[in-house]
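*Asks:*
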Amino acid sequence: MIKEQPKLLKTLNIITMVMMLIAIGLVFLYAPMEAVMGPVQKVFYFHVSSTWTGALGFLVSAIAGGFYLRTKKQTWDIISVAGVEIGLVFMLIGIVSGSIWARPIWNTWWTWDPRLTTTTIMELIYLAYFMLRRGIEEPERRARFGAVYSIVGFLSVPLTFLSIRIFRTIHPVIIGSSDPTASGAFDMTGKMTQTFVFSLITYSVLFATLLWHRTRLGKLSAEIEEAKLRINE
Amino acid sequence: MPEAADTINYMVAGYVVIFGVMLTYLVSLVARWRRAHRDKAMLKELADRDEP
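Just so you know, the protein sequences line up as chains G and F, in that order.
Counting from 2, one number per residue, gives the positions in the first sequence under our numbering.
Counting from 74, one number per residue, gives the positions in the second sequence under our numbering.
#1: Return the chain-ordered list of same chain residues with a C-beta closer than 7 Å to the C-beta of F146/G, the five sequence neighbours on each side being excluded.
#2: On the DSSP letters alone, give me the boundaries of the alpha helix (DSSP H) that A63/G sits inside.
#3: Name the chain G residues that come within less than 9 Å of A104/F, Cβ to Cβ?
#4: Which first and last residues belong to the alpha helix (DSSP H) in which W111/G is found?
#5: Spatial neighbours of Q42/G within its chain, please: C-beta separation below 6 Å, excluding the five flanking residues on both sides.
#6: Chain G beta carbons: is any one of them nearer than 8 Å to that of V94/F?
#7: Please state if the CB of W213/G and the CB of L60/G are separated by a distance shorter than 8 Å.
#8: Got a sec? Which residues, its chain only, sit under 7 Å from I126/G by beta carbon, not counting five neighbours each side?
#9: Could you compute how far the alpha carbon of S200/G sits from the alpha carbon of K229/G?
#10: Going along chain F, which residues have a C-beta under 7 Å from F101/G?
#11: Applying a beta-carbon distance threshold of less than 8 Å, which residues of chain F neighbour I94/G?
#12: Any contact between the stretch 99-116 of chain F and the stretch 72-80 of chain G? By contact I mean 3 or more CB pairs, one from each, below 8 Å.
#13: Select from W110/G, G55/G, V82/G, L22/G the residue whose C-alpha is nearest the C-alpha of L89/G.
#14: As a quick exercise: from P40/G, A63/G, S62/G, H48/G, pick the residue whose alpha carbon is nearest that of S100/G.
#15: Could you list the residues in the stretch 47-68 of chain G with a C-beta less than 8 Å from some C-beta on chain F, going in chain order?
#16: Given that a residue counts as buried once 16 or more other Cβ atoms are within 10 Å of its Cβ, and exposed if not, what is W102/G?
#17: Below 7 Å on C-beta distance, what does S222/G contact in chain F?
#18: List the residues of chain F that R169/G touches, going by C-beta distances under 7 Å, in chain order.
#19: Going by Cα to Cα distance, which pick from D114/G, T121/G, Y150/G, E139/G is closest to R166/G?
#20: Assuming the contact rule is C-beta atoms closer than 8 Å, T203/G and M21/G should be a hit. Round their C-beta distance to whole Å, please.
#21: By the three-class DSSP mapping on this structure, what secondary structure does P159/G have?
#22: What residues from chain F crowd round L10/G, counting only those whose CB sits closer than 9 Å?
#23: Name the chain G residues whose beta carbon is nearer than 9 Å to that of A77/F?
#24: What does L229/G reach in chain F if we use C-beta pairs closer than 8 Å?
#25: Less than 8 Å separating the beta-carbons of V37/G and A77/F?
#26: Taking the continuous alpha helix (DSSP H) assigned at T196/G, which residues delimit it?
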């Protein structure tokens, strides 16, 4: 039975909002302007944090999928779905904000660079996850197929992460050394690093909050489905 | 020292997308939550009516 938001979730909501406001303040008021790229470099803080959140969502989904296969508990399936949904939203933010950053820096909105290509493939793989689930009516079978898909689909995440480290690419590597052909790389100052790390932590907290809310919604939807079945019987 | 490029419009566009998509997702969560609660209340009403 889904009740009112637990106290801990309410506290997490407030912490997330406060951290988000601080992160925005750090990006616009504390982090210095990058000397070459100018203001558009500030997109970097939330762009990377968004893709990080997306990857976190897909990781949680794969882990929850594994637990579902082991325990057959519906809650794990609900968490797995929540992870993919949040992952898709934040990966989309990462793709679009990256494209906007690329326009003045690479002089193009889009290029089929290894990082951009693998990210797009990853997004499409997880979009197909929902298509797969919609195609299966029987709930247990849907959950089982979804769990296997989320685990196999997760292979695309490390591949995307490593793509700029393995292949020749114009996408800059911020942590580690960039390919010599990369365009838009920059050295982070202390204030930039602090802002970047704080943004990553904020987005991780935001992810936890959203995951909790989305899981509660999933549980409520499952209750409704069960009630509908009972009435139809 | 070279002057930084004037890229403020792209920065604004980037953050409009970042906050716009996040806000849209939050609104969708709230809307689905409300709809689910409405459905649940309706189903409870139906179940109560069917009970002898």
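For every residue, glycine included, the Cβ atom is placed at its ideal position computed from N, Cα and C.
Just so we're clear, the structure is a prediction, and the values are computed from it rather than from any experiment.
*Replies:* The structure says:
#1: The sequence position of residue 146/G within the first sequence is 145, counting from 1. Only L133, I137 meet the Cβ criterion.
#2: The residue given as residue 63/G occupies position 62 in the first sequence. From DSSP, the alpha helix (DSSP H) with A63/G extends over 44-72.
#3: One-based indexing of the second sequence puts residue 104/F at position 31. In chain order: nothing, as chain G lies at least about 10 Å away.
#4: Here the question's residue 111/G lines up with position 110 in the first sequence. Unbroken run through W111/G: none, as it is neither H nor E.
#5: Along the first sequence, read from residue 1 onward, the residue named residue 42/G stands at position 41. Cβ neighbours of Q42/G beyond the five flanking positions: E35.
#6: Locating residue 94/F in the second sequence gives position 21, where the first residue counts as 1. Answer yes: the Cβ-Cβ gap between V94/F and chain G drops below 8 Å somewhere.
#7: Here residue 60/G is taken as the residue at index 59 of the first sequence, counted from 1. Here residue 213/G is taken as the residue at index 212 of the first sequence, counted from 1. Against a cut-off of 8 Å, the Cβ pair of W213/G and L60/G comes out as no contact.
#8: As a first step, residue 126/G is located in the first sequence; it is residue number 125 there, counting from the start. So the qualifying residues of the chain are G154, S157.
#9: Working through the first sequence from its first residue, we reach residue 200/G at position 199. Working through the first sequence from its first residue, we reach residue 229/G at position 228. Cα to Cα, the separation comes out at about 43 Å.
#10: Along the first sequence, one-based indexing puts residue 101/G at 100. In the sequence as presented, Phe is not what sits at residue 101/G; that position holds Ile. Under the 7 Å cutoff, chain F gives Y83, A86, G87, V90.
#11: Taking the first sequence and counting its residues from 1, one reaches residue 94/G at position 93. Within 8 Å Cβ-Cβ: V90, I91, V94, M95.
#12: no
#13: By 1-based counting over the first sequence, the position of residue 89/G is 88. Out of W110/G, G55/G, V82/G, L22/G, G55/G has the C-alpha closest to the C-alpha of L89/G.
#14: Working through the first sequence from its first residue, we reach residue 100/G at position 99. The option with the nearest alpha carbon to S100/G is H48/G.
#15: F47, H48, S51
#16: Counting from 1 along the first sequence, the entry for residue 102/G is found at position 101. With 16 or more other Cβ atoms within 10 Å, it is buried.
#17: Along the first sequence, read from residue 1 onward, the residue named residue 222/G stands at position 221. By Cβ distance, chain F contributes A109.
#18: Translated into positions along the first sequence, residue 169/G becomes position 168. Neighbours of R169/G on chain F: none; closest Cβ ~25 Å, over 7 Å.
#19: Taking the first sequence and counting its residues from 1, the one referred to as residue 166/G is at position 165. Looking at the Cα atoms, D114/G is the closest of the given residues.
#20: As a working mapping, residue 203/G is identified with position 202 in the first sequence. As a working mapping, residue 21/G is identified with position 20 in the first sequence. 6 Å between Cβ atoms; contact.
#21: By 1-based counting over the first sequence, the position of residue 159/G is 158. Reduced to three states, the DSSP call for P159/G is helix.
#22: Stepping through the first sequence from its first residue, residue 10/G is reached at position 9. Within 9 Å Cβ-Cβ: nothing; L10/G doesn't reach chain F, min ~13 Å.
#23: Within the second sequence, residue 77/F is the residue found at index 4, counting from 1. Those within 9 Å of A77/F in chain G are M34, E35, A36, V37, M38, G39, P40, Q42.
#24: Mapped onto the first sequence, residue 229/G falls at position 228. The displayed chain sequence assigns Lys, not Leu, to residue 229/G. Ordered by position in chain F, the residues that pass the 8 Å Cβ test against K229/G are L116.
#25: Here residue 37/G is taken as the residue at index 36 of the first sequence, counted from 1. Here residue 77/F is taken as the residue at index 4 of the second sequence, counted from 1. For V37/G and A77/F, yes; Cβs fall inside 8 Å.
#26: Counted from its first residue, the first sequence places residue 196/G at position 195. From DSSP, the alpha helix (DSSP H) with T196/G extends over 191-233.
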